[in-house]
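Chemist: Shown below is the structure under consideration.
Numbering (the numbering used here), first residue to last: 16 to 296.
What follows is the structure in structure tokens.
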């Protein structure tokens, strides 16, 4: 393979979140409508590498993805050792708004997967006027805990290996081997307690079932795309959100819980028509 650079630029953004200084790692590629991408629990922005390297996407969209605090290349804030990382809906929404403002994004499209898909529903409910459109990947109003979260933060086990084992079944069985194992590697690298802290939002605090009916898709278009093999955010859960909100639901064949990283080419085939509709509008 000849040496080459990918068209992705990475930078560190300094800003305060909840009164604490943070150093947030941000990657982007392309020009046009800002498309702010949110990674899954316990992972980081590398999941969107396929989008950032696809000219069909980047010719009309400025694709931006950041590592949440405590994730990937974004370290915890100073003094982290004296507390516990716990993600909440209010803090998550505030983080997205603060980063969009710091990057001077005017009415961006926000696309999130898993916890990112859940927070998209919160954004649609609480502040739809701030966005051009919202895209929820693997987005359900609620996911009941289906394993013991305590295993994700114990000193006598390898938390990263446990996290990868937990999510391995959420990857579609048809996913290319290389992409499957790259997706799992992201989870093997997660910091102690980070996946568990994210799941506080996903499985406990972020439950939005009682507010779904408040979403008005005439104020901001909402698109829902879910893999057929996802048993965490199930196709049935996505269809229920669509039924209650009027959003469009697309069930993606041959994909699981991590469509953008487990099989980027297949996922982009589903995403491009949605992006074209957003661009046309």
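We treat Cβ as the ideally placed atom computed from N, Cα and C, and that holds for glycine. Just so it is clear, the structure is predicted and the values come from calculations on it, not from any experiment.
In chain order, which beta strand (DSSP E) runs of at least 3 residues are fully inside the stretch 37-87?
Modeler: Fully enclosed beta strand (DSSP E) runs of 3 or longer: 48-53 and 76-81.
Chemist: Tell me whether the beta-carbon of residue 40 lies closer than 9 Å to the beta-carbon of residue 26.
Modeler: Counted from its first residue, the chain shown places residue 40 at position 25. Counted from its first residue, the chain shown places residue 26 at position 11. Yes, they are a contact pair.
Chemist: Let me make sure I understand the geometry here. Which of 229, 188, 208 and 114 has the alpha-carbon closest to that of residue 91?
Modeler: In the chain shown, counting from the first residue as 1, residue 91 sits at position 76. Considering only alpha carbons, the answer is 208.
Chemist: Taking the alpha-carbon of residue 73 as reference, which of 296, 290 and 295 has the nearest alpha-carbon?
Modeler: Numbered from 1 along the chain shown, position 58 holds the residue referred to as residue 73. When each option's Cα is compared against that of residue 73, the closest is 290.
Chemist: Are the CB atoms of residue 242 and residue 284 within a distance shorter than 9 Å?
Modeler: Working through the chain shown from its first residue, we reach residue 284 at position 269. Working through the chain shown from its first residue, we reach residue 242 at position 227. No; because the gap between Cβ atoms is not below 9 Å, this pair is not in contact.
Chemist: Specify the secondary structure class of residue 173 as computed by DSSP and reduced to three states.
Modeler: Translated into positions along the chain shown, residue 173 becomes position 158. Residue 173: coil per DSSP, three-state reduction.
Chemist: Taking the CB atoms as reference points, tell me whether residue 115 and residue 31 lie closer together than 9 Å.
Modeler: Along the chain shown, one-based indexing puts residue 115 at 100. Along the chain shown, one-based indexing puts residue 31 at 16. Cβ atoms of residue 115 and residue 31: not closer than 9 Å.
Chemist: State yes or no: is the C-beta of residue 68 within less than 9 Å of the C-beta of residue 21?
Modeler: Start at 1 with the first residue of the chain shown, and residue 68 comes out as number 53. Start at 1 with the first residue of the chain shown, and residue 21 comes out as number 6. Cβ distance < 9 Å, so residue 68 and residue 21 count as in contact.
Chemist: How should residue 62 be labelled, buried or exposed, when 16 other C-beta atoms within 10 angstroms of its C-beta is the threshold for buried?
Modeler: By 1-based counting over the chain shown, the position of residue 62 is 47. Per the 10 Å Cβ criterion, buried.
Chemist: Would you please state the rounded distance, in angstroms, between the beta carbons of residue 175 and residue 205? I believe it to be under 8 Å.
Modeler: As a working note, residue 175 is residue 160 in the chain shown. As a working note, residue 205 is residue 190 in the chain shown. About 5 Å; that satisfies the 8 Å criterion.
Chemist: Using 8 Å as the threshold, is the stretch 166-180 in touch with the stretch 208-220, meaning 3 or more CB pairs across them?
Modeler: As far as the Cβ criterion goes, the stretch 166-180 touches the stretch 208-220, which means the pair count is three or higher.
Chemist: So what does DSSP say about residue 281, is it helix, strand or coil?
Modeler: Taking the chain shown and counting its residues from 1, one reaches residue 281 at position 266. Of the three classes helix, strand and coil, the one that applies to residue 281 here is helix, per DSSP.
Chemist: Using three-state DSSP, classify residue 211 as helix, strand or coil.
Modeler: Sequence index remark: in the chain shown, residue 211 carries index 196 (1-based). Three-state DSSP puts residue 211 in a helix.
Chemist: Flag this pair as yes or no: are the beta carbons of residue 230 and residue 80 separated by less than 9 Å?
Modeler: Stepping through the chain shown from its first residue, residue 230 is reached at position 215. Stepping through the chain shown from its first residue, residue 80 is reached at position 65. No. Outside cutoff.
Chemist: Candidates 121, 200 and 109: which alpha carbon is nearest residue 273's?
Modeler: Taking the chain shown and counting its residues from 1, the one referred to as residue 273 is at position 258. Residue 200 is the option with its Cα nearest to residue 273.
Chemist: Sort 266, 150 and 185 by Cα distance to residue 161 and report the nearest one.
Modeler: Here residue 161 corresponds to residue number 146 of the chain shown, with the count starting at 1. The option with the nearest alpha carbon to residue 161 is 185.
Chemist: Who pairs with residue 29 in a beta bridge, going by DSSP?
Modeler: For the purposes of this step, residue 29 is taken as residue 14 along the chain shown, with counting starting at 1. Paired residues: 38.
Chemist: Run through the stretch 109-196 for me and flag every whole beta strand (DSSP E) of 3 or more residues, listed as ranges in chain order.
Modeler: Runs of the beta strand (DSSP E) inside the stretch 109-196: 124-128 and 148-152.
Chemist: When you compare only the Cα positions, how much space is there between residue 257 and residue 228?
Modeler: The count along the chain shown starts at 1 and reaches residue 257 at position 242. The count along the chain shown starts at 1 and reaches residue 228 at position 213. If you take the alpha carbons of residue 257 and residue 228, they lie about 10 Å apart.
Chemist: Give me the Cα-Cα distance between residue 216 and residue 125, rounded to the nearest whole angstrom.
Modeler: Locating residue 216 in the chain shown gives position 201, counting from the first residue. Locating residue 125 in the chain shown gives position 110, counting from the first residue. Each residue's Cα considered, the two are about 18 Å apart.
Chemist: Output the distance between the C-alpha atoms of residue 267 and residue 239, rounded to the nearest integer angstrom.
Modeler: Within the chain shown, residue 267 is the residue found at index 252, counting from 1. Within the chain shown, residue 239 is the residue found at index 224, counting from 1. Between residue 267 and residue 239, the C-alpha separation is close to 10 Å.
Chemist: For residue 24, count neighbouring Cβ atoms within 10 angstroms of its own Cβ and tell me buried if that reaches 16, exposed if not.
Modeler: Along the chain shown, read from residue 1 onward, the residue named residue 24 stands at position 9. Classification for residue 24: exposed.
Chemist: Near residue 263, what residues of its chain come up, given a Cβ to Cβ distance below 6 Å and the 5 sequence neighbours on each side ignored?
Modeler: Position 248 of the chain shown, counted from the start, is the residue given in the question as residue 263. Closer than 6 Å at Cβ, skipping near neighbours: 238.
Chemist: Relative to the C-alpha of residue 48, which residue among 120, 96 and 193 is closest?
Modeler: Here residue 48 corresponds to residue number 33 of the chain shown, with the count starting at 1. That would be 120, whose Cα lies nearest to the Cα of residue 48.
Chemist: To the nearest angstrom, how far is it from the Cα of residue 99 to the Cα of residue 85?
Modeler: The residue you call residue 99 lines up with position 84 of the chain shown. The residue you call residue 85 lines up with position 70 of the chain shown. So the two alpha carbons sit approximately 11 Å from each other.
Chemist: Check this for me: beta carbons of residue 53 and residue 131, under 9 Å apart or not?
Modeler: One-based indexing of the chain shown puts residue 53 at position 38. One-based indexing of the chain shown puts residue 131 at position 116. Closer than 9 Å, so yes.
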